[in-house]
Amino acid sequence: MIEIRNIVKKYFIGEPNELTVLRGLNINIAEGEFVSIVGQSGSGKSTLMNILGALDRPTEGEYSLDTIPLAGMSDNELSGIRNMKIGFVFQTFNLIPRSSALSNVELPMFYKGIGRKQRTERAKELLRLVEMEDRMDHMPNELSGGQKQRVAIARALANDPSIILADEPTGALDTKTGNLVMEIFLRINEEEGRTVILITHNETLARQTQRIITLSDGEIIGDYKNTPTKEAV
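Quick note: the sequence shown uses this note's numbering, first residue 446, plus one each step.
What follows is the structure, given as structure tokens:
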């Protein structure tokens, strides 16, 4: 599903303060895997997430998604790839403040051109999946952090993506709420077979996933299969 080869990411290219953030990464991620990418701040994990999510382009190397090479694609083509294949969940939720939970979940489907009746039915179904059906008419400022994140997960699933990319999704939550959110990701992976890629600095969280890739200073220093353990975040 995901194949990256010799991925390098540099900033300030050719300048005295040129910075290399990723240093020749090679990763394959199969369909249906639940993978965590771990590392301390500055390890390059967020830069890698942006490349995996087609939000940024590598300076060097090749990236193929479902055997489709992304190099040379226009910004509009990359936007189409993101809209069809990838759902994003961020630490800061990124909900639209003046829109209800239901409308937030509907939004990706609106941009995809799905009709109002169909997108409303789909949004309600997804809010039921994350146990937020009783809050669908609430605005984000009327929701707790955990409730906002559950709405964000429902929104990430709106266009039925094959991949969920989650960037520190429990970072702003307390332990109990973080565990509830993690249970949703586990259910999405186990019951629906979606590929989930979790970006985190939390090794306890990572131990709940099937595979752990560890970055340090832009290089992979560990990549191994894991027997998931359900521990407190």
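Here a beta-carbon is modelled for each residue, glycine too, at the ideal position from N, C-alpha and C.
Note that the structure is predicted; figures quoted are calculated from it, not measured.
In this structure, the CA atom of Gly623 is about 37 Å from the CA atom of Met518. Between the stretch 595 to 605 and the stretch 546 to 564, the count of C-beta pairs closer than 8 Å reaches three or more; the two stretches touch. Between the alpha carbons of Asn634 and Glu460 lies a gap of roughly 43 Å. With fewer than 16 other Cβ atoms from the protein chains shown falling within 10 Å of its own Cβ, Ala516 counts as exposed. Of Arg567, Met494, Leu464, Leu571, the smallest CA-CA separation from Ile629 is found for Leu571.
The alpha helix (DSSP H) runs of length 4 or more contained entirely in the stretch 545 to 573 are, from start to end of the chain, 546 to 556.
For the stretch 464 to 518, the continuous alpha helix (DSSP H) assignments of 4+ residues that do not extend past its boundaries occur at 490 to 497, in sequence order. The stretch 639 to 653 and the stretch 610 to 617 touch, with three or more beta-carbon pairs separated by less than 8 Å.
If you draw a 10 Å sphere on the C-beta of Arg543, you find fewer than 16 other C-beta atoms in it, and that means exposed. With contacts defined by Cβ atoms closer than 8 Å, Lys530 and Leu510 form a contacting pair. Judged by their CB atoms, Tyr508 and Ile526 are not nearer to each other than the 8 Å cut-off. By the 16-neighbour rule on beta-carbons within 10 angstroms, Ser488 is buried. For Asn451, there is no enclosing alpha helix (DSSP H); the enclosing beta strand (DSSP E) has its first and last residue at 447 to 456. Per the C-alpha coordinates, the member of Thr465, Lys455, Leu493, Val483 positioned closest to Ile449 is Leu493. Inclusion of Ser607 and His583 in the CB contact set at 8 Å is not warranted, their separation being larger than that value.
Excluding its 5 nearest sequence neighbours in each direction, Met581 has C-beta neighbours in its own chain below 6 Å: Ala546, Leu547, Leu572, listed in chain order.
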